[in-house]
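Asks: Residue numbering for the sequence shown is 6 to 169, as defined by the numbering used here. Positions of the beta carbon are idealized from the N, C-alpha and C atoms, including for glycine. Predicted model, so just to flag it, every value in this text is computed and none were measured.
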Amino acid sequence: MAQQPEREETAAVQHYAIAPEWFPAHQRDFPATVQSRMCPSCQARLGTEVEERVPSSDAAGRVVFESRRVRYGADPVAVVAEHCATQPAYRNVRLPLMEIIFRLLLANRNRPMTVEEITQQVMEWVRPGDGRIITPLVIERLLQADDFYGIRPVEEPRSMRLVS
Ligand SMILES: [Zn+2]
6 MAQQPEREET AAVQHYAIAP EWFPAHQRDF PATVQSRMCP SCQARLGTEV EERVPSSDAA
66 GRVVFESRRV RYGADPVAVV AEHCATQPAY RNVRLPLMEI IFRLLLANRN RPMTVEEITQ
126 QVMEWVRPGD GRIITPLVIE RLLQADDFYG IRPVEEPRSM RLVS
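Here is the structure:
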């Protein structure tokens with residue numbers, strides 16, 4: 006990685022992320038929406054029991070790993086980020102821009118992203134010569150007009166929080 010440029014604009018930079026709470030308020034189902042972006046093999050495994058190792062602490066406060074049986078896909082964002090987003094079919098270059106943005110956020114575990122970051126990653130996603138106009142202004146307008154993907158401005162961007 007190259008050196009990180011000093012950021013002056015910290016708190017002022019608007020970040021966007023998918024707001025799961027937006028979905029039930031708009032008669033939509035967040036887990037089902039994410040699951041429909043999963044690859045066929047993950048969709049086939051949905052709901053089957055799998056063993057998962059989860060960290061917890063023992064009586065002495067040490068971190069130990071416990072095995073726990075969970076339903077596959079219980080955390081659909083994690084499944085997409087860890088598996089489906091790495092499959093070639095996920096990165097379909099012909100998808101509408103908002104679908105690409107939604108998939109990008111999932112692939113990044115729904116980490117809040119700036120318009121600049123999203124624009125950059127959309128441009129990396131589509132083919133050169135795609136023909137669509139992809140600028141931060143266009144992306145920002147799409148995000149602000151979104152009433153389908155639950156992508157909302159994040160009030161307090163986690164990635165920008167200052168450690169004091
Ligand atoms: Zn998958």
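Would you kindly work out how many angstroms separate the C-alpha atoms of Glu121 and Pro141, rounded to a whole number?
Replies: Cα-Cα distance, rounded: 6 Å.
Asks: Excluding the 5 residues preceding and the 5 following Thr3 in the sequence, name in chain order all residues of the same chain whose CB lies nearer than 6 Å to its CB.
Replies: Summary: the structure shown does not reach residue 3, with the chain confined to residues 6 through 169, and so no result is reported for it.
Asks: Do three or more CB pairs link the stretch 87-94 to the stretch 139-154 at distances below 8 Å?
Replies: The answer is no - the stretch 139-154 does not touch the stretch 87-94, with fewer than three Cβ pairs under 8 Å.
Asks: Closest by CA to Thr38, which one among Ile105, Pro81, Val55, Val75?
Replies: Out of Ile105, Pro81, Val55, Val75, Pro81 has the C-alpha closest to the C-alpha of Thr38.
Asks: Taking the alpha helix (DSSP H) that Ile123 falls in, what are its first and last residues?
Replies: Here the alpha helix (DSSP H) through Ile123 covers 120-130.
Asks: Does any heavy atom of ligand 1 sit closer than 8 Å to the C-beta of Val84?
Replies: Result yes, Cβ under 8 Å from ligand 1.
Asks: Where does Gly78 land, buried or exposed, given buried means 16+ other C-beta within 10 angstroms?
Replies: Gly78 comes out buried.
Asks: Using only the alpha-carbon positions, how far apart do Asp34 and Met43 sit?
Replies: The alpha-carbon atoms of Asp34 and Met43 are separated by roughly 15 Å.
Asks: Where does the unbroken beta strand (DSSP E) through Phe70 begin, and where does it stop?
Replies: First-last of the beta strand (DSSP E) with Phe70: 68-76.
Asks: Of the residues Pro158, Glu71, Arg137, which one's Cα is nearest the Cα of Ser61?
Replies: Nearest C-alpha to Ser61: Glu71.
Asks: Within the same chain, show all residues whose beta-carbon is closer than 6 Å to that of Val131, passing over the 5 residues directly before and after it, in chain order.
Replies: Taken in chain order, the residues that qualify are Val98.
Asks: For the alpha helix (DSSP H) that contains Ile156, what are its first and last residues?
Replies: Element bounds for Ile156: not the alpha helix (DSSP H) but the beta strand (DSSP E), 156-159.
Asks: Regarding Ser46 and ligand 1, is the C-beta to nearest heavy atom distance less than 8 Å?
Replies: Yes, since a heavy atom of ligand 1 falls inside the 8 Å radius drawn around the Cβ of Ser46.
Asks: Check whether the Cβ atoms of Val85 and Ala49 lie closer than 9 Å to each other.
Replies: It is not a contact, given that the beta carbons lie outside the stated cut-off.
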